[in-house]
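With my numbering applied, the sequence shown covers 409 to 457. What follows is a set of notes on a single structure, which appears directly below.
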Amino acid sequence: FVRYGAVTGTDYKVYIYDVPSLRIAGNTFEVKALDTAGNVLYTSTQTVQ
């Protein structure tokens with residue numbers, strides 16, 4: 409699924425509390441930075457804390 413969030417400096421916020429697997433510590437997810445055309449500029453794999 410895709411979520412869009414706010415990015416300020418080096419911080420980002422995305423609402424995820426309606427996705428049960430993103431509330432379980434140890435699960436992984438990807439954050440992707442896109443340009444205005446929708447091309448992926450950067451991908452980072454993160455772990456739920």
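Where a beta carbon is used, it is the ideal one built from N, C-alpha and C, also for glycine.
Here's a check: name, in chain order, each residue in its chain whose Cβ is nearer than 6 Å to the Cβ of residue i, leaving out the five neighbours to either side.
i: residue 440; result: 448, 451
Would you mind reading off the limits of the beta strand (DSSP E) that contains residue i?
i: residue 452; result: 448-455
i: residue 442; result: 436-442
i: residue 415; result: 414-416
i: residue 426; result: It is not in any beta strand (DSSP E) - residue 426 carries neither H nor E in the DSSP assignment.
Starting from the C-beta of residue i, find all residues in its chain whose C-beta is less than 7 Å away, skip the five residues before and the five after it, and write them out in chain order.
i: residue 430; result: 424, 437, 456
Grab me the residues of residue i's own chain with a C-beta within less than 8 Å of its C-beta, minus the 5 sequence neighbours each way, in chain order.
i: residue 434; result: 455, 456
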